[in-house]
Amino acid sequence: MKNIIIFGAPGSGKGTYSDEIVKRYGMGHISTGDVLRAQIKAGTELGKTAKGYIDNGQLLPDSLMIDILADTYDSLPAGQGVIFDGFPRTIAQAEALKQMLAERKHDMGVMVELVVDEETLLARLLNRAIEQGRADDNEETIKKRFAVYHAQTEPLAEWFEKEGMRHTFTWKGSKEQMLGEIFAFLDTL
Ligand code: AP5
Ligand code: MG
């Protein structure tokens, strides 16, 4: 499978659909949020730095994230394709990803954009707060994450459009329908 960049607001389903895509196509999966949460749990220096940003709903510095991404990518088996979940989140990260893959003679692949209305996103994240207790799933931090998404990440969709990589899927109320549309597209690759 080609590389896939799964893109969308907090709670849009990047992690959920990545798991389904991995099951169907057997590829690698890098969630930068999961990488950082594992570092927090392990109590590393990186984890301590990450916690300050995550608890405040802010992005970590690009230079740090780009190094983490490259190390994680190189630790996966080559040639099976990777889903990038939560990266890139800024234009600088997108440019760095493009360069990193070009240096390895790998293709950027496709971008899958998940568009979900904000009322649904908020309800999902508040529900996950009850089920999983993720530290950044409280209403105050969720609102900051939405604002950061709109200011710093959403403009990146245009960047992917210009690269000819953007494929948009819009939530219409059914997970099965959304997943069916995503699979129908990915099956053609
Ligand atoms: P990250 O972990 O990436 O969080 P996020 O972008 O806020 O997104 P979420 O993981 O909350 O949502 P998701 O889209 O994966 O949705 P999910 O499938 O879980 O990043 C966290 C933080 O780390 C950032 O704020 C930042 O500080 C830092 N960070 C990470 N990457 C960075 C980077 N590149 N640069 C700088 N900083 C970075 O779904 C949400 C919930 O909805 C689940 O509980 C799911 O079960 C439920 N759900 C219910 N119905 C559905 C449905 N129909 N479809 C999908 N999910 C559904
Ligand atoms: Mg996630």
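The opening residue of the sequence shown carries number 794 in the working numbering; numbering runs sequentially from there.
The beta carbon of each residue, even a glycine, is placed where N, CA and C say it ideally should be.
None of the values given here were measured: they were computed from a predicted structure.
Residue j beta carbon less than 8 Å from that of residue i
i: Ser824; j: Ser811; result: yes
i: Ile876; j: Ile975; result: no
i: Arg938; j: Gly850; result: yes
i: Asp930; j: Ala922; result: yes
i: Gly973; j: Leu907; result: no
Unbroken alpha helix (DSSP H) run spanning residue i, endpoints
i: Arg917; result: 911-925
i: Met1018; result: With the chain represented from 794 up to 982, any question about residue 1018 goes unanswered, as that position is not in the structure.
i: Ser824; result: Where Ser824 is concerned, there is no enclosing alpha helix (DSSP H), although the beta strand (DSSP E) it sits in stretches over 821-824.
i: Phe953; result: 949-956
i: Gly801; result: No alpha helix (DSSP H) contains Gly801, which is instead part of the beta strand (DSSP E) from 797-801.
i: Asp855; result: 855-867
i: Asp878; result: It is not in any alpha helix (DSSP H) - Asp878 instead sits in the beta strand (DSSP E) that spans 875-878.
i: Thr981; result: First-last for Thr981: undefined, no H or E at that position.
i: Ser811; result: 807-818
Residues near residue i in its chain [Cβ-Cβ closer than 8 Å; skip 5 each side]
i: Gln832; result: Leu839, Gly840, Ala843
Extent of the continuous beta strand (DSSP E) to which residue i belongs
i: Thr837; result: No beta strand (DSSP E) holds Thr837; DSSP gives it neither H nor E.
i: Leu907; result: 903-908
i: Thr946; result: Neither: Thr946 is in no beta strand (DSSP E) and is coded neither H nor E.
i: His960; result: 959-963
Distance cut-off 7 Å: residue i Cβ against heavy atoms of the ligand AP5
i: Gln886; result: yes
i: Ser856; result: no
i: Leu869; result: no
i: Lys769; result: For the chain, the structure presents residues 794 to 982; residue 769 sits outside this window and is missing.
i: Lys844; result: no
i: Gly902; result: no
i: Asp929; result: yes
Any non-hydrogen atom of the ligand MG closer than 7 Å to residue i Cβ
i: Gly808; result: yes
i: Glu926; result: Strictly speaking, residue 926 in this sequence is Gly, with Glu absent from that position. No, the Cβ of Gly926 stays beyond 7 Å of every heavy atom of the ligand MG.
i: Gly879; result: yes
i: Gly821; result: no
Contacts around residue i, its chain only, beta-carbon distance under 6 Å, and the 5 residues preceding and following it disregarded
i: Leu890; result: Pro881
i: Ile847; result: Asp929
i: Leu982; result: Lys795
i: Leu894; result: Met901
Same chain, Cβ closer than 7 Å to residue i, neighbours up to 5 away in sequence not counted
i: Ala885; result: Asp855
i: Thr963; result: Val908
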